[in-house]
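Enquirer:
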């Protein structure tokens, strides 16, 4: 399965590079020299036909193999090639993963995966432009989502074509996932947060090299979606990032969400992982011995073993994620919980743009559609999963509290949750895992007296003909409309040729792309977003959100308005729920 997927991705990417960039072997290709050496890239075309430069598969760290598995990333040495082939003709594999949100994809990737892609407008490469430029370009550094267990920075799913219609540089970053990125023993043997430290090293790479690409190191914006958005939030809480980036954008992801909460006992999880891998004495050896033994195991075995954590369930439980490291760890990333750090205002004072789509919660309710067996035993499993995914609820009557609030009483459900209850479950997950954490972070930010940087909010409420619901629930009745679901805004920010067809010029979808990409690029340049007032907050003392939604006008299919999605009843309910 892995070989077939790699072959397919290679063929598709070769076709993209060949068709959109001309002859990859031509001498007239983009070239850049940085401290690590010189590289040659390829030409590509933006959504509206503008030529831009692509440098794909540039190393920013040594391969995290052998002794570097479960260790902090190390900056790469200068490459030995006279000229690094960054054309994308031979694509880099994604980080090793088993995407439990899309289990049919099987095991993908390699352990050697710490590479990034750089895309920049064509004119920034000319000597004349470099000499006469009065305004170096802003840079967006994108961190993909995937629940800390999956995801890609490949141009097949995170293509730059839509953003390259603007004068901006885009960098897309890979980082270690699952056990490789987040296993921890809770001490110096394997402190954890390696995936977050990969992101940090990539940001430092950008800060060191972006000027060579025509970028302004003072105008670097870190942007991420879902777990990538939560990662951005966490990067803001790492004070060692001072001066590394100037703005931050979190799309449908927040570090105060339960799915991002640090694991309570990472050492026990590491020992459980060793046990699943068949390591004898997994619960007896000391942590250094444990880590050394784990380093000797074939990488693919880790990924295959993840299913053991779910006890056979097909539900995409997020096992690995951030951990709190002992303060004695050199260069620790996270030494307290995100909730504590954020509530105390211990984070970088940089402008932050963050927001949601109406049905982000569908990412967690969609797997219910795959359950066909409805029995009391199934219902017990479903209820356990529901509470585990929501996290934080310790009360024995937590489920009845939820049912009473959202459906009146538990008996209204019947024998178990089915596809008829997906909308209810989506609402529960949407509020508890996306809207509430965002609301809490905004309210706490308002209490910080020393942090002056503003928070700007958005709500992406534009619905087009394509949706990630067709990927998250591929076997569902096409007549069922799940609304605007998690990841749907990405359709208008990045080109994803293996998932969705391209937009035709001047269509409503193309205009929606222009609107949201302009919002992101303008924020990267200025650190502000359009406001309906002179920066004043609404009467609820909660910032208004810029909402992009459908209009009835063919000329202007995207309506820009302002809304306040603060709901006091919602906020009070979830505050009580998580305090039990």
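Residue numbers (mature numbering (1 follows the signal peptide of the UniProt record, and there is no 0)): -21 to -1, 1 to 559. We put the beta carbon where it would ideally sit given N, CA and C, even for glycine. Note that the structure is predicted; figures quoted are calculated from it, not measured.
Residue 369 and residue 411 - do their beta-carbons sit closer together than 8 angstroms?
Expert: As a working mapping, residue 411 is identified with position 432 in the chain shown. As a working mapping, residue 369 is identified with position 390 in the chain shown. Cβ distance < 8 angstroms, so residue 411 and residue 369 count as in contact.
Enquirer: For residue 289 and residue 507, I'd like the C-alpha separation in whole angstroms.
Expert: As a first step, residue 289 must be located in the chain shown, where it is residue number 310. As a first step, residue 507 must be located in the chain shown, where it is residue number 528. Using only the alpha carbons, I get a separation of about 43 angstroms.
Enquirer: Excluding the 5 residues flanking residue 117 on each side, which residues of the same chain have their C-beta closer than 6 angstroms to its C-beta?
Expert: Here residue 117 refers to the residue found at position 138 when the chain shown is read from its first residue. Excluding sequence neighbours, residue 117 sits near 147, 198, 503 and 504.
Enquirer: State the CB to CB distance for the pair residue 451 and residue 345, rounded to an integer number of angstroms; the pair is presumed to be in contact (CB under 8 angstroms).
Expert: Taking the first residue of the chain shown as position 1, residue 451 is located at position 472. Taking the first residue of the chain shown as position 1, residue 345 is located at position 366. With 8 angstroms as the limit, residue 451 and residue 345 qualify as a contact, their Cβ atoms being about 4 angstroms apart.
Enquirer: Since residue 524 and residue 442 are thought to touch, with beta carbons under 8 angstroms apart, how far apart are those beta carbons, to the nearest angstrom?
Expert: Position 545 of the chain shown, counted from the start, is the residue given in the question as residue 524. Position 463 of the chain shown, counted from the start, is the residue given in the question as residue 442. So it is not a contact: roughly 17 angstroms between Cβ atoms.
Enquirer: Going by the CB atoms, is the gap between residue 520 and residue 425 shorter than 8 angstroms?
Expert: Taking the chain shown and counting its residues from 1, the one referred to as residue 425 is at position 446. Taking the chain shown and counting its residues from 1, the one referred to as residue 520 is at position 541. Yes, these two residues count as a Cβ contact at 8 angstroms.
Enquirer: Considering just the uninterrupted stretch of the alpha helix (DSSP H) at residue 647, what are its terminal residues?
Expert: In the structure as shown, the chain begins at -21 and stops at 559. Residue 647 is therefore absent and cannot be evaluated.
Enquirer: Can you list the alpha helix (DSSP H) stretches of 4 or more residues lying completely in the segment 439 to 487, in chain order?
Expert: As far as the segment 439 to 487 is concerned, its whole alpha helix (DSSP H) runs of at least 4 residues are 448 to 451.
Enquirer: Would you list, in sequence order, the uninterrupted beta strand (DSSP E) runs of no fewer than 3 residues that lie entirely inside the segment 135 to 187?
Expert: Within the segment 135 to 187, the complete beta strand (DSSP E) runs of at least 3 residues are 147 to 152.
Enquirer: Going by the beta-carbon positions, is the gap between residue 172 and residue 302 smaller than 8 angstroms?
Expert: Counting from one through the chain shown, the residue named residue 172 turns up at place 193. Counting from one through the chain shown, the residue named residue 302 turns up at place 323. For residue 172 and residue 302, yes; Cβs fall inside 8 angstroms.
Enquirer: Would you please state the rounded distance, in angstroms, between the beta carbons of residue 75 and residue 37? I believe it to be under 8 angstroms.
Expert: For the purposes of this step, residue 75 is taken as the residue at position 96 of the chain shown. For the purposes of this step, residue 37 is taken as the residue at position 58 of the chain shown. About 20 angstroms; that fails the 8 angstroms criterion.
Enquirer: Between 399, 49, 537 and 543, which lies nearest to residue 267 when the distance is taken from Cα to Cα?
Expert: Locating residue 267 in the chain shown gives position 288, counting from the first residue. With distances taken between Cα atoms, residue 267 lies closest to 49.
Enquirer: Excluding the 5 residues flanking residue 167 on each side, which residues of the same chain have their C-beta closer than 7 angstroms to its C-beta?
Expert: As a position in the chain shown, residue 167 is number 188, starting the count at 1. Excluding sequence neighbours, residue 167 sits near 308.
Enquirer: Grab me the residues of residue 273's own chain with a C-beta within less than 7 angstroms of its C-beta, minus the 5 sequence neighbours each way, in chain order.
Expert: Position 294 of the chain shown, counting from 1, holds the residue named residue 273. So the list reads 49 and 253, once near-sequence residues are dropped.
Enquirer: Enumerate in chain order the residues of its own chain whose CB-to-CB distance from residue 8 is below 8 angstroms, with the five nearest sequence positions on each side excluded.
Expert: Looking up residue 8 in the chain shown gives position 29. 19, 20, 21, 22 and 66.
Enquirer: Could you tell me whether the segment 413 to 423 touches the segment 378 to 385, where touching means 3 or more Cβ pairs closer than 8 angstroms?
Expert: No, they do not touch.
Enquirer: What are the partner residues of residue 332, as DSSP defines its beta bridges?
Expert: Numbered from its first residue, the chain shown carries residue 332 at position 353. DSSP lists 228 and 435 as partners of residue 332.
Enquirer: Assuming residue 226 and residue 329 are in contact, meaning their beta carbons sit under 8 angstroms apart, how far apart are those beta carbons, in whole angstroms?
Expert: For this step, residue 226 is matched to residue 247 along the chain shown. For this step, residue 329 is matched to residue 350 along the chain shown. Confirmed, Cβ separation roughly 6 angstroms.
Enquirer: Tell me whether residue 204 sits in a helix, a strand or coil according to DSSP, three-state version.
Expert: In the chain shown, counting from the first residue as 1, residue 204 sits at position 225. Three-state DSSP puts residue 204 in a strand.
Enquirer: Mapping the DSSP letters down to three states, classify residue 541 as helix, strand or coil.
Expert: For the purposes of this step, residue 541 is taken as residue 562 along the chain shown, with counting starting at 1. Strand, per DSSP.
Enquirer: Shorter than 7 angstroms, the distance from the beta carbon of residue 362 to the closest heavy atom of the ligand NAD, or not?
Expert: Ligands in the displayed structure: none, and consequently the ligand NAD is not present.
Enquirer: Quick one: any contact between the segment 207 to 221 and the segment 315 to 331, if contact means 3 or more CB pairs under 8 angstroms?
Expert: Yes, the segment 207 to 221 is in contact with the segment 315 to 331.
Enquirer: Which residue or residues does DSSP assign as beta-bridge partners of residue 357?
Expert: The residue labelled residue 357 in the question sits at position 378 within the chain shown. Answer is none; residue 357 lacks a bridge partner.
Enquirer: Can you list, in chain order, the residues of its chain with a C-beta nearer than 8 angstroms to that of residue 395? Leave out the 5 residues immediately preceding and following it.
Expert: The residue labelled residue 395 in the question sits at position 416 within the chain shown. Excluding positions up to five away in sequence, the list reads 350, 353, 354, 355, 357, 358 and 361.
Enquirer: DSSP three-state label for residue 306, please.
Expert: Your numbering for residue 306 matches position 327 in the chain shown. Correct three-state label for residue 306: coil.
Enquirer: Would you call the CB atoms of residue 299 and residue 165 closer than 8 angstroms?
Expert: One-based indexing of the chain shown puts residue 299 at position 320. One-based indexing of the chain shown puts residue 165 at position 186. Not a contact, by the Cβ cut-off of 8 angstroms.
Enquirer: Please state the DSSP three-state secondary structure of residue 198.
Expert: Within the chain shown, the letter at position 219 stands for residue 198. Strand at residue 198.
Enquirer: Count the C-beta pairs between the segment 457 to 474 and the segment 132 to 146 that are closer than 8 angstroms, then say yes if the count reaches three, no if not.
Expert: Yes, since at least three Cβ pairs between the segment 457 to 474 and the segment 132 to 146 fall closer than 8 angstroms, the two stretches touch.
Enquirer: Answer with buried or exposed for residue 111, where buried requires no fewer than 16 other C-beta atoms within 10 angstroms of its C-beta.
Expert: Position 132 of the chain shown, counted from the start, is the residue given in the question as residue 111. The pLDDT assigned to residue 111 is 42, lower than 50, so where the model puts this residue is not dependable; a value taken from the coordinates is nonetheless given after this. Exposed, because fewer than 16 other Cβ atoms sit within 10 Å of the Cβ of residue 111.
Enquirer: Can you give me the C-alpha to C-alpha distance between residue 193 and residue 31, rounded to a whole angstrom?
Expert: The residue given as residue 193 occupies position 214 in the chain shown. The residue given as residue 31 occupies position 52 in the chain shown. Cα-Cα distance, rounded: 13 angstroms.
Enquirer: Are residue 44 and residue 90 close, meaning C-beta to C-beta below 8 angstroms?
Expert: Taking the first residue of the chain shown as 1, we reach residue 44 at position 65. Taking the first residue of the chain shown as 1, we reach residue 90 at position 111. Cβ atoms of residue 44 and residue 90: closer than 8 angstroms.
Enquirer: Below 8 angstroms on the Cβ atoms is my contact criterion, and I expect residue 545 with residue 526 to pass it. Report the Cβ-Cβ distance as a whole number of Å.
Expert: The residue you call residue 545 lines up with position 566 of the chain shown. The residue you call residue 526 lines up with position 547 of the chain shown. With a Cβ gap of about 13 angstroms, residue 545 and residue 526 do not count as contacting.
Enquirer: Kindly list the residues whose CB is nearer than 7 angstroms to the CB of residue 25, restricted to its own chain and excluding five residues on each side of it in sequence; keep chain order.
Expert: On the chain shown, position 46 is the one that residue 25 refers to. Answer for residue 25: 31, 140, 143 and 144, listed in chain order.
Enquirer: Going along the chain, which residues of its own chain have a beta-carbon closer than 7 angstroms to the beta-carbon of residue 404, five neighbours each way excluded?
Expert: Residue numbering aside, residue 404 sits at position 425 when the chain shown is read from its first letter. Hits under 7 angstroms: 344, 347 and 396.
Enquirer: Mind checking which residues open and close the beta strand (DSSP E) that includes residue 526?
Expert: Against the chain shown, residue 526 aligns to sequence position 547. That run of the beta strand (DSSP E) goes 524 to 529.
Enquirer: With the cut-off set at 8 angstroms, would you say residue 58 and residue 216 are in Cβ contact?
Expert: Here residue 58 is taken as the residue at index 79 of the chain shown, counted from 1. Here residue 216 is taken as the residue at index 237 of the chain shown, counted from 1. Cβ distance not < 8 angstroms, so residue 58 and residue 216 don't count as in contact.
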